[in-house]
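What follows is the structure, encoded as C-alpha cells:
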C-alpha cells in the first residue's frame, strides 16, 4: 500500500494528522463512573488504518500501525 505513512525504527507511525472527516467525540456520560474518563475524548482515524485519540491540538497521539 503506497499511501500508508512511514514507520520509525521503533515501529511507530510517523503521521500526526487525522484523515479529514474522521474526527469523532465519544459520549460516555451514561456509562457510569467506571468509564466516565472516556466522555468527551476525541478520536480520529490515521491513514495507516488505526483509530487513535487526539491531543489538544487535534494531532494524533503516538501509535503503532495495525499488524498486517
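Numbering (our numbering), first residue to last: 620 to 687.
For every residue, glycine included, the Cβ atom is placed at its ideal position computed from N, Cα and C.
Since this is a predicted model, take the numbers as computed values, not measurements.
Residue i, buried or exposed, once every other Cβ within 10 Å from all chains shown has been counted against 16
i	result
residue 634	buried
residue 651	exposed
Cα-Cα separation, residue i to residue j
i	j	result
residue 680	residue 649	26 angstroms
residue 666	residue 636	9 angstroms
residue 688	residue 622	The structure shown does not extend to residue 688, since the chain is modelled only from 620 to 687, so the question has no answer here.
residue 638	residue 629	23 angstroms
residue 643	residue 631	23 angstroms
residue 640	residue 653	30 angstroms
residue 674	residue 662	9 angstroms
8 angstroms contact criterion, which residue i and residue j should meet: CB distance rounded
i	j	result
residue 660	residue 645	5 angstroms
residue 684	residue 626	6 angstroms
Bridge partner(s) assigned by DSSP for residue i
i	result
residue 664	670
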